[in-house]
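What follows is a short report on a single structure.
Protein chains in written order, with the numbering used here: chain A, 425 to 516; chain B, 1475 to 1780.
As structure tokens, this is what we get:
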């Protein structure tokens, strides 16, 4: 999960919803909330994990379609390490 | 409660197994029982917290860890057991409800998935059942129960995170829970299932917007728990049916439990609202568990009083 990001998006229009559904399905992004493409709705929160190699492509696409987003988690691996590495060293 | 177990960190499955054994050895209140086996043949145990008594008692069921990556859920189930055992003599509420109720706690349902999330893929969600000749793995156990199975909010594609399995209760983990609950359903008053994020107390149903017959009371009790959370911790939990405030899903254990006649059935989505999602840091375990404890005991207390 090195460099993977979790983005928070609230689509405003039906067109934005359609674009997000297309983006998530073609790039096979990990939907955290909601869990199904058809549950992405205008005015509702969308949390998606974007693999590091796709982060720029996804952000460019969102910008092109005037879809605003916020980075919820900047680097998923950092968070994962925080819980598991500490555990391992404590156990040792 | 055995000393030396750290409830403010996450534990791999081998340590949770060991913890269950230690808990049973060290408390007269707790017994460990075999529930069933997983796809990969691991044993699923649940803990029964029961104050010795001559009178018949009703049951509260709580399960955690149906989705492997939601590590805070098993952490909460362990916290819950610890709190009950540490405080049942001093806390009047716990002491009172233990006179009438037995607590059945299943710390991790999806054991194979949980282990896989520790060893291979932290964000793994489903169980580890092989499909399509082992080309894809995993059924979402919370879409596999026999409650409008496969009708909405699921996928029939085994690569999907919400793959509902090949049929209702196709997975041994689901069957293990369903068999015990079926056997005991006339005594079970409340079914609680704990998930990871969103700050919700969800009521049945996810598969239809038609409310259950006791919807008013279900909502009232959940709102009481949410109000307790707001009053003590300032945390704002949203209460409502899954289909109306979150999204549609079928085959969930919450819907199934209510459909077979268990009157109070809730899903808890715990305190993180997306800041950390499924990777809640260990320093968030304690505050999350403290507030969830209040919400859960509020519900149990209501059920007991009733």
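Beta carbons are placed, not taken as given, at the ideal position from N, Cα and C, and that holds for glycine.
Just so it is clear, the structure is predicted and the values come from calculations on it, not from any experiment.
Residue i - containing beta strand (DSSP E), residue span
| i | result |
| --- | --- |
| residue 1532 of chain B | 1532-1538 |
| residue 1519 of chain B | 1517-1523 |
| residue 1632 of chain B | Careful: residue 1632 of chain B lies outside any beta strand (DSSP E) and carries neither H nor E. |
| residue 432 of chain A | 429-433 |
| residue 447 of chain A | Segment 438-450 is the alpha helix (DSSP H) holding residue 447 of chain A; no beta strand (DSSP E) there. |
| residue 1509 of chain B | 1504-1511 |
Min CB distance residue i to chain B below 9 Å
| i | result |
| --- | --- |
| residue 446 of chain A | no |
| residue 508 of chain A | yes |
| residue 440 of chain A | no |
| residue 497 of chain A | yes |
| residue 516 of chain A | With a pLDDT of only 49 at residue 516 of chain A, under 50, the local geometry of the prediction cannot be trusted, and no value is derived from it. |
| residue 483 of chain A | no |
| residue 443 of chain A | no |
| residue 487 of chain A | no |
Min CB distance residue i to chain A below 9 Å
| i | result |
| --- | --- |
| residue 1526 of chain B | no |
| residue 1548 of chain B | no |
| residue 1635 of chain B | yes |
| residue 1720 of chain B | yes |
| residue 1495 of chain B | no |
| residue 1476 of chain B | no |
| residue 1611 of chain B | no |
For residue i, the nearest candidate out of the options (CA to CA)
| i | options | result |
| --- | --- | --- |
| residue 450 of chain A | A:478, A:498, A:437, A:499 | A:478 |
| residue 1765 of chain B | B:1521, B:1599, B:1585, B:1743 | B:1743 |
| residue 1680 of chain B | B:1709, B:1580, B:1646, B:1720 | B:1720 |
| residue 1485 of chain B | B:1535, B:1594, B:1780, B:1588 | B:1588 |
| residue 1492 of chain B | B:1503, B:1475, B:1694 | B:1475 |
| residue 1747 of chain B | A:457, A:426, A:427 | A:457 |
Unbroken alpha helix (DSSP H) run spanning residue i, endpoints
| i | result |
| --- | --- |
| residue 1553 of chain B | 1546-1561 |
| residue 1764 of chain B | 1759-1779 |
| residue 487 of chain A | 479-488 |
| residue 1567 of chain B | 1566-1574 |
| residue 1499 of chain B | 1487-1500 |
Contact list for residue i against chain B, beta-carbon separation under 8 Å
| i | result |
| --- | --- |
| residue 425 of chain A | 1596, 1597 |
| residue 432 of chain A | 1748 |
Contact list for residue i against chain A, beta-carbon separation under 9 Å
| i | result |
| --- | --- |
| residue 1713 of chain B | Those do not exist, as residue 1713 of chain B stays about 18 Å from chain A at its closest Cβ, beyond 9 Å. |
Chain B contact residues for residue i, given Cβ-Cβ distances below 7 Å
| i | result |
| --- | --- |
| residue 471 of chain A | 1748, 1751 |
| residue 500 of chain A | 1753 |
Contacts that residue i makes with chain A (C-beta to C-beta distance below 7 Å)
| i | result |
| --- | --- |
| residue 1627 of chain B | 460 |
Neighbour list for residue i in chain D, Cβ cutoff strictly below 8 Å
| i | result |
| --- | --- |
| residue 503 of chain A | Checking the listed chains, one finds no chain D in this structure; the protein chains it contains are A and B. |
Within chain B, the residues that residue i reaches when beta carbons sit closer than 9 Å
| i | result |
| --- | --- |
| residue 454 of chain A | 1597, 1635 |
*asked:* Does the structure place the segment 1651-1658 of chain B close enough to the segment 1725-1736 of chain B that three or more beta carbon pairs sit under 8 Å?
replied: yes
_Under 8 Å: do the segment 1516-1527 of chain B and the segment 1564-1579 of chain B share three or more Cβ pairs, one atom per stretch?_
yes
*Indicate whether the contact test is met: 3 or more Cβ pairs, each with one atom in the segment 1617-1637 of chain B and one in the segment 1664-1677 of chain B, closer than 8 Å.*
no
*Check whether the segment 477-496 of chain A touches the segment 426-444 of chain A, taking contact to mean three or more Cβ pairs, one atom from each stretch, closer than 8 Å.*
yes
*Mind the definition here: the segment 1712-1731 of chain B touches the segment 1612-1628 of chain B only if three or more C-beta pairs lie below 8 Å; say whether that holds.*
yes
*Are the segment 1493-1511 of chain B and the segment 1594-1605 of chain B touching, with three or more C-beta to C-beta distances below 8 Å?*
no
_Count Cβ pairs between the segment 1752-1764 of chain B and the segment 1687-1703 of chain B that sit closer than 8 Å; are there 3 or more?_
no
*Specify whether the segment 1609-1617 of chain B and the segment 1642-1653 of chain B touch according to this definition: at least 3 beta carbon pairs, one from each stretch, less than 8 Å apart.*
yes
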